[in-house]
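Right, one structure below, let's go through it.
2 protein chains.
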Amino acid sequence: MKDIYELHAEICKVFSNPIRLEILNLLRNNDMSVTDLVEKTKFSQANISQHLAIMKYKGIVSSKRKGKNIYYKITNPKIIKAFDIIREVLSERVRKNKKIFFGGK
Amino acid sequence: MKDIYELHAEICKVFSNPIRLEILNLLRNNDMSVTDLVEKTKFSQANISQHLAIMKYKGIVSSKRKGKNIYYKITNPKIIKAFDIIREVLSERVRKNKKIFFGGK
DNA sequence: TGAACATATTAGAATATTCTAATATATAAA
DNA sequence: TTTATATATTAGAATATTCTAATATGTTCA
Numbered sequence: 090m091k092d093i094y095e096l097h098a099e100i101c102k103v104f105s106n107p108i109r110l111e112i113l114n115l116l117r118n119n120d121m122s123v124t125d126l127v128e129k130t131k132f133s134q135a136n137i138s139q140h141l142a143i144m145k146y147k148g149i150v151s152s153k154r155k156g157k158n159i160y161y162k163i164t165n166p167k168i169i170k171a172f173d174i175i176r177e178v179l180s181e182r183v184r185k186n187k188k189i190f191f192g193g194k
Numbered sequence: 090m091k092d093i094y095e096l097h098a099e100i101c102k103v104f105s106n107p108i109r110l111e112i113l114n115l116l117r118n119n120d121m122s123v124t125d126l127v128e129k130t131k132f133s134q135a136n137i138s139q140h141l142a143i144m145k146y147k148g149i150v151s152s153k154r155k156g157k158n159i160y161y162k163i164t165n166p167k168i169i170k171a172f173d174i175i176r177e178v179l180s181e182r183v184r185k186n187k188k189i190f191f192g193g194k
């Protein structure tokens, strides 16, 4: 059986790719089809499909066919919560660097 | 200049390794020296140092010498917040699987 | 100073990830 | 059915990550 840290790392590995993060950010409010995602990003259909397959396998997204299209959604809203906290870490960093470079208070 | 998604992915890459997660979890309450971390885990000194160097470079931890030892700490408490949310995702998964396998309510 | 301790760095083999190009599969519409 | 549309899969080259072993650097204390 797998270590808890390994399971944890496997989930975070999903978030360690910029394309997957962009997809997750697009899915945060609306479910979207592969075509939708290809249109909204600059990435190839094959590549989007591959990244969706990885995220589906890891249980981060799930999919459902609707007619011609397959719609993906995020399985657990806490994934977006984690996403946003890391964004906060990033913006706090920017704020701190501004202080350093421009002496802003 | 780097895309926001790339910066985000770079932070998450730090969390995508089980040893680094174990280190971060040990640092959640107390700052610890490299020796402390080597003793509390089963990993080699070189390996712990390497992982600390990666995390320091990415701004996840910082270090300060105290006599013979160098103590590491987590730079932003939100990193632990994100850590814990992913743990929640994991435990919710376990709960759901229990439902499936044992029919618990 | 020099021995002992604490930590960092390097090289390199093994492994994993990522993208592109080509192709396969599945559904819908004509 | 064929044709068009939507999505998935595969192979493989390029790149990145990870660990081990060896060694270097830095600090303290006798």
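Going line by line, the protein sequences match chains A and B.
Under this note's numbering, think of the first position of the first sequence as 90, with each following residue one higher.
Under this note's numbering, think of the first position of the second sequence as 90, with each following residue one higher.
Don't be surprised by glycine CBs; every beta carbon is placed ideally from N, CA and C.
Under DSSP, the beta strand (DSSP E) around A:S151 begins and ends at which residues?
Element bounds for A:S151: 150–155.
With a threshold of 7 Å on Cβ separation, who are the neighbours of B:A171 within its own chain once the five nearest residues in sequence on each side are excluded?
No residues qualify anywhere along the chain.
Under 9 Å, CB to CB, which of the residues in the segment 175–191 of chain B have a partner in chain A?
When CB distances to chain A are screened at a threshold of 9 Å, the residues of the segment 175–191 of chain B falling below it are I175, R176, E177, V178, L179, E181, R182, in chain order.
Cβ neighbours of B:V127 in the same chain (closer than 6 Å, five flanking residues each side left out):
Around B:V127: Q134, I137.
Compare the C-beta of B:K155 with all C-beta atoms of chain A and state if any pair is closer than 8 Å.
no
Under the rule that 16 or more other beta-carbon atoms within 10 Å means buried, what is A:A142, buried or exposed?
exposed
Listed from N- to C-terminal order along the chain, which residues in the segment 119–139 of chain B have their beta-carbon within a distance smaller than 8 Å of any beta-carbon of chain A?
none
Is there a Cβ of chain B sitting closer than 8 Å to that of A:E95, yes or no?
yes
Going along chain B, which residues have a C-beta under 7 Å from A:N106?
A98
Closest Cβ-Cβ distance between A:K147 and chain B: below 8 Å?
no
At which residues does the alpha helix (DSSP H) containing B:K145 begin and terminate?
134–146
Would you mind giving the Cβ-Cβ distance between B:V178 and A:I159, rounded to the nearest angstrom? I have them listed as a contact below 8 Å.
B:V178 to A:I159, Cβ: 23 Å. No contact.
When the Cα atoms are used, what is the spatial distance from B:R182 to B:A98?
24 Å
Beta carbon of B:L115, beta carbon of B:I168: below 8 Å?
no
Is it right to say A:M90 is buried, meaning 16 or more other beta carbons lie within 10 angstroms of its own, or is it exposed?
exposed
Range of the contiguous alpha helix (DSSP H) that encloses A:N114
107–115
With 16 as the cutoff for other CB atoms within 10 Å, does B:N118 come out buried or exposed?
Sixteen is the threshold: since fewer than 16 other Cβ atoms of the shown chains lie within 10 Å of the Cβ of B:N118, the residue is exposed.
For A:I143, return the contacting residues in chain B, with the cut-off set at a CB-CB distance below 8 Å.
Correct list: empty, because the minimum Cβ distance to chain B is about 13 Å.
A:L96 to A:D120, Cα distance in whole Å?
26 Å
Nearest-angstrom Cα distance between A:N165 and B:K102?
21 Å
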